Structures are given as structure tokens and as C-alpha cells.
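Undergrad: Residues 0 to 919 (numbering that gives the first Met the number 0) are what the sequence shown spells out, left to right. By construction, the Cβ of each residue, glycine as well, lies at the ideal position given by its N, Cα and C atoms. In this text the structure is predicted, and so the values were computed from the model without any measurement.
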Amino acid sequence: MPVRIDHCNPAVGPSAGGIDVTIAGDGFVAGATVHFGAQAAVVTNVAADALTVTLPVVAPGAVAVRVDLLDGSTFTLANAFTFHAPTITAIAPNQCACGEDTVVTITGTHFVAGLAVTFGGTAAAALAVDGPTQVRAQVPDNVVGAVAVRVTNPDGEHAEQAGGFTFHAPTITGIAPVEGTSAGGTLVTITGTNFVDGLAVEVGGNPVADLARDSDTQIRVLTPAGALGARTVRVTNPGGVHVDQVGAFTFRAPTVAAVAPAFGPVGGGTAVRITGTFIDEQTTVRFGANASPKVWVQDETTAYAAVPAGAGAGAVDVRVTNSDGRHAQLNAAFTYGAIANMGTDEVTFLMDGEQYFGELRTQLQAMVAAAPNAQTYVRLAFWMIVDDVYVGDRTHYGIAANTLVNQIGDVIMAGHDVDVIVWYPNMKDRFKEGGHAEHHDALADALAAKDLIAAAAAAVVPAPVPLPGRVRVYLERYDGVTGSSNHQKIAIFSFAGQRTALVGGFNLANYYWDAADHKRYMNDPTKIGGWHDTAVRVIGPATDDIEAEWMRRWNRAVAMQASLFTFNNLKNQLRSRYTGVGSRSTIRAAAVAITANNTVQNAPNPTTTTTIRLTRSTSSTRYRDLRDELLTRIGAAQHYVYMENNQFTDPEIVRALYQRWAAHNALRIRVVTNIGGGGGFGFMTRRSWLQLILRMPHPICQRVYYMSKSHDGVERHVDRAGAGTWNVVDSYDGSTGATLKPHQRWLLNDGLEIDKATGAGTKTVPFTRITRVVGSFHFYTPLALVAGGTDFEQPTVHSKLAIFDDEYLVVGTSNWTYRSMQYDGEIATFNRCPPAGTPTLVTEARDRLLAHYDEISPLWLNVTGDNLEAVAQANGERLRSNAIPDNNFVLLPLCDPQVEDLGNVREAPGVTSMPSYQWI
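1. Going by other Cβ atoms of all chains shown within 10 Å of its Cβ, with 16 needed for buried, is LEU451 buried or exposed?
2. With distances taken between CB atoms, is the gap from THR542 to GLN600 smaller than 9 Å?
3. Is the beta carbon of VAL177 less than 9 Å from the beta carbon of PHE164?
4. Mind checking ALA10: buried by the 16 CB within 10 Å criterion, or exposed?
5. Rounded to whole angstroms, what is the Cα-Cα separation between GLU651 and ALA370?
6. Would you check if the distance between the CB atom of PRO55 and the CB atom of HIS157 is smaller than 9 Å?
7. Just to confirm my understanding: we take VAL921, look at its own chain, exclude 5 residues before and 5 after, and list those with CB closer than 6 Å. What are they?
8. Relative to the C-alpha of ALA125, which candidate in VAL142, ALA145, THR101 and HIS435 has its C-alpha closest?
9. Evaluate ASP243 with the Cβ neighbour count: other Cβ atoms within 10 Å of its Cβ, from every protein chain shown; 16 or more gives buried, anything less gives exposed.
10. Can you check the stretch 652-722 for any beta strand (DSSP E) of at least 3 residues that lies completely inside it and give the ranges in chain order?
11. Could you have a look at PRO139 and say whether DSSP puts it in helix, strand or coil?
12. Looking at SER14 and VAL57, is the spacing between their C-beta atoms short of 9 Å?
13. In the DSSP assignment, what are the bridge partners of VAL921?
14. What is the DSSP secondary structure of MET383, reduced to helix, strand or coil?
15. Where do the ends of the beta strand (DSSP E) carrying THR282 lie?
16. Let me know the secondary structure DSSP gives PHE356 once reduced to three states.
17. Checking the sheet assignment: what are the DSSP bridge partners for TYR511?
18. Taking 8 Å as the threshold, find out whether the stretch 793-807 comes into contact with the stretch 302-316 through three or more Cβ pairs.
19. Figure out for me which residue from TRP549, HIS395 and ASP544 has the closest Cα to the Cα of MET521.
20. Helix, strand or coil, according to DSSP, for ALA401 in the structure here?
21. Given this structure, state the Cα-to-Cα distance separating PHE262 from PHE333, to the nearest angstrom.
22. Decide if ILE4 is buried, meaning its Cβ has at least 16 other Cβ atoms within 10 Å, or exposed.
23. Less than 9 Å between the C-beta atoms of VAL296 and THR282, yes or no?
24. From the DSSP output, in three-state form, read off GLU99 for me.
25. What whole-angstrom Cβ distance do THR761 and THR724 have, given they're in contact under 8 Å?
26. I'd like the ranges of any beta strand (DSSP E) spanning at least 3 consecutive residues and lying wholly in the stretch 233-279.
27. For the alpha helix (DSSP H) that SER819 lies in, which residues bound it at each end?
28. Between THR216 and THR190, how many whole angstroms is the CB-CB distance? I'm expecting something under 8 Å.
29. Excluding the 5 residues preceding and the 5 following THR738 in the sequence, name in chain order all residues of the same chain whose CB lies nearer than 6 Å to its CB.
30. When the Cα atoms are used, what is the spatial distance from ASN340 to ASN604?
31. Once the 5 residues before and after TYR376 are set aside, which same chain residues still bring their CB inside 6 Å of it?
32. Keeping to the same chain, check which residues put their C-beta closer than 6 Å to that of VAL764; ignore five residues upstream and five downstream.
33. Does the stretch 834-851 come within contact of the stretch 343-352, defined as at least 3 CB pairs closer than 8 Å?
34. In the DSSP output, which residue or residues are listed as bridge partners for TYR520?
35. Out of VAL870, HIS6, GLY875 and ASN830, state which residue places its alpha-carbon closest to the alpha-carbon of ASP344.
36. Are the CB atoms of LEU363 and VAL390 within a distance shorter than 9 Å?
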């Protein structure tokens, strides 16, 4: 049968060939060859009526197809097949940002495997031929503008779409801020368009190491260090396409505009606020030649620094140096000076045990060296004295010669009298092991032994010179309501009639001894935490009132010795020579007699005007001048009230604070106290805090969480903002006085009255059901992390101190509790120092206290501002992120819901563990 071609299927194809074509016809046999035009095709399959071939590469156009057989026969079909070049019909997407990893889909015709795609002459980064009508290509990253897209088949035939794709370069439309420190670290926001992942930013030619691309229109960067002046900001997308904003950011050197306060004691410790511009996070501060030991940068305009000790009185320059070495200096910006002289009394602030017990030893040693005089003596009155207590600093601690008993022995052998009053508790406590009675009996016995030695020495003929003095101990039972005590701590040293008195929170026991950094408790350098306490040393007319209170107490013994035998452990027993059983009343009276000191008191360097205030009960008479003066000071406060105490529970103090805040809500209230302090005390401290924070507006008080009345375990909340009814219930009734009893539990009625969820009426949520409060007012407590950050150590805050407006310093023996305010025997010094433009007793005490509470952030508190809340909150965040170094003390917020283990007990303790009316 002769060979014949009927048609080709398909009859059209790419000029690049490569596709299979079936030639239909007849007479095909093995060995047949096929040509498309002049180009031979590869035959891949032969059947009598069909040939399958691979299309060769042929120029575009219609060509004849010829089949040749081995026997020489042939057949040609004219224009049987048409070759086409590729075409482009669509490109999607047709634009992107320069450097973006965009994949483009190109649709068209006659696409062949092995083709190439270019964008503006630059090859696609990657491509895939999905078929003859679709190609996917990844755009290159270094092309800009509208460019042609070309598809080229392997035979070189191509299709091109001019301007088929547009690459958008990045733009910058805004930069904020436009200036910052030359040391770098300024957070800058760059706005614009076409910002692509993987971009880079330079400022002044220096690459930015820390950046975040928030979107294709915003970048945030921390500036690198740079040369001073206006510098170009460059944003470069991947591939190198970039945009420059010339002179868009200016690097500045730091400036210092002000230092406040501008004065402080030569010993340093003042926390100052430095305001200026372009201060970086690693800045250092120098006061004259001395570097600040602690610097905390709030932002580029504000830093706090702890003032180092100075070389002497006088003004010094303050220099701020950024991490790149550039600095600013404010000449004569800080003045070191002595405490300002003012008022009538010379008062020295004593902080923590090493200084206090060191002062005791200094006075006792001065007494040993003093010449005998009828008006040279020691008079002590303490809530507790333990017979083995040491006096002195760390070089004296633990040495037998430096026990108080041995030091008193030295004083009486030097010819001076020592008289001691200690509180002697009720019968129940007298039989308690390790209680006051046991300690004070041991003290009385030890001092009696010293007195016997002195008496024997005095009996020698001829009499020794000087003639030894004597020591007497009055074991005083307090006359207040049942369960109360005389809590005073007084030490008086008179030298020829001129007195020095110590008044403060310290009892005379070794566990009150601690170094000021609280890392040498009881002189053990391995123990941190310990005990924080304060006292004052008073010289001048105010000591008349201090000694008058001491004399009032001693004269009770004088009156009783005229008529009573003194069996051991009887009420108001006085241990002295010739006061034993059987001594005649006239002998006993002479043996306990005391001489008044009417010498006019002088203060060589007056620093303050000091007023002495007392609290006590004598039979049914209550004397509460201390409480009344404290409430007066709260009511007059203009700027801040700072209080620290072992306990902060007195309902009248709390009420005075919230009433003053309501009348003057610019007042800052700052309270430093302990965590818990026993279930009852923690419960009461929490009650005090709730009474204050719940009365404050949003955003100070933000949200209150509480448990439902049904105790279903569901925690509910109410927001302060937008609340309708918001009434804080204070159920304390001061008219009940000392008749408060544990079973009354009046404070359980305290609560927060709010609207019911149903909108019908109100409900009162008791404080015991309030689980947490979110806000920015807290009490504070100092803590250190030890043992690899797993345990807390807290210096027990035992100080009885308050500061008002940089003008009043209150230091004494009274806790801020109902008991101390109402009927315990207490004494406090109210020291007034009007602001003088130079250091005062008050500002020195303030700065020393704050400086020792936090080793990470200098604390700031004065009439112009404070940062205690901000620092405490920041420390809470550091605690949560394990960023507090071990053994570093920091101030933390009590009852902050974000900080674990810093709360106080919420549920009311049982009656047996709840502080009774005797303790609240």
C-alpha cells in the first residue's frame, strides 16, 4: 500500500520543538523517516496508520511534513504543521518591593521546558514551567522600577512584555525622634514604604544591630554610636536597593541641666536626680573626683545617682560621661556640707546595730575615762536587756570584755553610778523559758555580782580613789491595761550634768546587732538579712524631757521602797544594796534615792528642734501625746509621708493618712514594713493597705479581684474606672478605746461596697474575700535572693521612724500599732529641721535609709518627687525574669499580684493567733 499522510495531531507547536506529534495516514512501515520542513524529526513509534515523532526545532511558520520509506517511496503534505514562538498574556502579580521574595505567575502560550525568564534583563532567582501556558518565576532582588518581562524558549524564540513588572524601591517618609545620644541606644521609629524582611539600616554609615520590621511601612531601631552632627539614615532592602534620608538623624553629646538636691552630707549617700539630655544607659557620674557607686538611667533626660563620700565640705562639679566617652559637666552643681546648724538640740541619726552598739560603747568608755562627779552617771531603761549582749562595732563584738555587763562593771569601778530599768512582765511570762523575766533576772544577778565587787572595793581602808560607784536594777511592772508593757528604750549618759541620750528601736540583745549593709548579721560575714533599726543621739534641752520620763519611772520604785519588802519576783522589785528582806524602810529609801539633774543643757552644734512625746497608761489614765503629735504631722503633710516600722496596723494612723490624701491628693504615702510578721500582723498590714489603695482613683487603683460569697471558687473582679458605687468601709470605732476585745473582731466588717452585677442595689465585699488589687500603690519590703535565687532573706524592719516633707524626722520606740499608740509605754523624738538649702538631719536620715534598701536602683524621695513605686515595680519585673543578682537587696512591692510570695495573709486568723486588742 502506498504511503500517505492525512494530518498531524497537533498541527501546531513551539518552534523550540520537543513535543510529541502524531502523524496520521497509511502505509507506514519500520524504518520510516520524517521531516518538518528541512528538519528531521525523531520517530519514536511506528504503526501502519500512525507515526509518533518528537518535534524538531524549526523556525516559526507553516512547513510541509514528509515521510520517506526505505523502499524509496515518499509522501509530502504541504503546510501540514505550523511552528509558533512563545507569547505572554498575563503577569500576576505585576509589582513588588525591591528585594521581596515574590513569586510571579506568567501565563501565555508555547512555553517549553528549559526556557528562561528575565526581569529587566536580570534572570529570575528561580522558576518552574508548569506547562505550555504557565510559568512561575521568583523575581530577582536587585532590580528597580518598571521593567520588561521576557520568556525565552530554548530555541531562542521569546516573548516580551515591556513594563510588565514594577519593582518599588523603599522610601522614608518620617523619622522620630530625629536626635539622640552619640553613644547610641536611642529607640527610633522609621516610617515609609516598601520595607522588606531582611532589610538593613545604617545611621551615619554605621550599621544598626538591633532592629525590628513591624510592617512594610514601619521599622524600629536602636541607633548605633555615631559621630556628632546630622547623619544620613539609609534603609537597604535585600539585594542592595536602598533609600537615603540625608541629615535625618543628629547625634548629640550629653548635657546636664540640673542636679537635685544640690547638697548633701560629706559622708555621701544622697540620691540625686540629674536632668539633662542625651544620657545613655551606660552613663557614669562623677562628683568632683569621685565616681558614683550607683547610677540608674530612667531615660535620655533623667538619671539618678548615689552621691559618693566627698573629700570635704564644698561645691564640686558633676560630670556625666556616656559610654562613648562624651561627657557633660555642670560646674559646682553639688555641695558637700556639714549638717546645718539650727534649733536647740544636737541630734545625730544612728542606723542599724553596728553604729548603735558602737555608740553605746563609745559613751560607756567615755564614762570610764571621766572624773567622778555627782552629776556623772548612766541611766538605762529598756524593754529587753539580755545579760550577754555585746556593745561596740565589729572589732569589739564577741570579746568578753565588751559585754554590757562588763562595761558597766568598768564604769562603776571608775566611780560612777549606773541605774537600769527593765520591764518585768506578768506572771504568765515570768514562767516562760527564754522570756523577759528569765533574761532580766539573769541581768539583775550579773549586775548584782558586779555591784558586790564594787562594794567590796569601796570598803577597803584607806578608801580607794576613785571610790567605786554602784549599779541598781529596777524590775518594773507596767501599770497599763492587761497584757501591755513599757516598750521604751532609753540610754542616758551624763557628764558633769551635760547629758547625751539615745532613743530608738533597739533592745539590748545580740540579735539587734547588724551591719548597715545587712550582710554581717551578729558579726557573721556569712549571714545576710538580719535586723534593721534606727535611733537618735540627742544632746541639749530635749534631754530634760527624756530624763524626766526616766525619773518618773524610777520614782515609782522610790515610793514603794519606803513601805514594801522586796521579795524576789514581787511587783516592782528593785535590786540594790541594802534593799533586801529585813532592811529597814529608811535604809531602803536611802538606798534607792536618786538625784535630779537640773543642769542647764547645752547643744554645742544644734541641728534640730526636738520635742519629746510619750504614750503610757498609769492605772486608768491614758497619755497619748505621741499618737496625737503623729496624727498632727500627718494632717499637715504637703509633699510626702514616709513611714517604716515592724508593724503598720494602727487604724487611726491609716485613717489619718487616707483623710489627708483625700484633702490633698498630691501627697505621696510611702510605707516600708515586713512581710507578714505573723498571721495576725500580716492580716492587719494588708487591711491597712487596702484601706488606702481602694480609696485612690484610677489608674492608681485599677481592678479589684474577689471571691464570690458562695465560695464557689470563682474569682470575680470590678474595675475602678467607670464604677458606679465605690465605698470603702472602715469599721473601726475609736470611741471603744481599750475595750476592744479579740472576739469582737471589728475589722472583719471592713469591705468594699460596689454595685451588684444585676444592677439592683449594692453589695459589700469584705476585705477577707478580696484576693488581689491591681494598681500602682504599695507598701514596700526589702529582700535579697540567696542560694542560687531560690530563697529570700529579709532584714527584719524594726525601725520606728517617720519622715514628713524633708522637715520632720520622728524616731522612737513606738510601733505604728494600736497598742503602742494607745497605752504601751513609748517615747519618740520629733525632730524638726526646716529646709535650709544645705544638708539637714532629716535629709541625711532620708538618704541613708533609702540608699541602704536597694543595691540595684538608687531610691529617690523628697519634696519634689520620688521613684519608690517605679523602682519596686521594676524590681518585681527583675524578680520574675531572674535578673536580680544573688545577695543584692532590693525594694519590692508588698501584695503585688504579679510577684509571688510577697503577699500578706487574706483570711482572718483564728482568735488564738489573731492579734487581740492588746496588739492591733
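TA: Working from what's here:
1. Exposed: under 16 other Cβ atoms inside 10 Å.
2. Cβ atoms of THR542 and GLN600: closer than 9 Å.
3. No; because the gap between Cβ atoms is not below 9 Å, this pair is not in contact.
4. By the 10 Å Cβ count, ALA10 comes out exposed.
5. About 49 Å.
6. Cβ distance not < 9 Å, so PRO55 and HIS157 don't count as in contact.
7. Nothing can be reported for residue 921: it is not among the residues displayed for the chain, which extend from 0 to 919.
8. Distances from the CA of ALA125 to each of VAL142, ALA145, THR101 and HIS435 were compared; the closest alpha carbon is that of THR101.
9. Burial call: exposed.
10. With a minimum length of 3 residues, the continuous beta strand (DSSP E) runs that stay inside the stretch 652-722 are 667-671, 700-706 and 714-718.
11. Under the three-state reduction of DSSP output, PRO139 falls in the coil class, being neither helix nor strand.
12. Taking a C-beta distance under 9 Å as the contact criterion, VAL57 and SER14 qualify as a contact pair.
13. Nothing in the structure corresponds to residue 921, since the chain is present only between 0 and 919.
14. Taken through DSSP and simplified to helix, strand or coil, MET383 comes out as coil.
15. No beta strand (DSSP E) contains THR282, which DSSP labels as neither H nor E.
16. Under the three-state reduction of DSSP, PHE356 is assigned to helix.
17. Paired residue(s): none; TYR511 is not in a bridge.
18. Short answer: they don't touch.
19. Ranking the options by Cα distance to MET521, first place goes to HIS395.
20. First, the amino acid is wrong: residue 401 is Asn here, not Ala. In the structure shown, ASN401 sits in a helix (DSSP, three-state: H, G or I).
21. The straight-line gap separating the alpha-carbon atoms of PHE262 and PHE333 is approximately 5 Å.
22. ILE4 should be labelled buried.
23. Taking the C-beta atoms as reference points, THR282 is found nearer than 9 Å to VAL296.
24. Residue state, collapsed to three classes: coil.
25. Contact between THR761 and THR724 holds: CB atoms are separated by about 5 Å, below the 8 Å threshold.
26. Qualifying beta strand (DSSP E) stretches, in chain order: 241-251, 254-259, 262-264 and 270-276.
27. It spans 817-821 - the alpha helix (DSSP H) in which SER819 sits, taken as one unbroken run.
28. About 6 Å separates the CB atoms of THR216 and THR190; that is less than 8 Å, so the two are in contact.
29. Low confidence applies here, because THR738 scores a pLDDT of 46, under 50, leaving its location unreliable and the question unanswered by this model.
30. About 6 Å.
31. Within the same chain, Cβ atoms closer than 6 Å to the Cβ of TYR376 are found at HIS415, ASP416 and SER493, the five residues on either side in sequence being excluded.
32. TYR705, GLY750 and LEU751.
33. Between the stretch 834-851 and the stretch 343-352, the count of Cβ pairs shorter than 8 Å is three or higher; the stretches touch.
34. BP columns for TYR520 are empty, so no partner.
35. Considering only alpha carbons, the answer is ASN830.
36. Going by C-beta atoms, VAL390 is nearer than 9 Å to LEU363.
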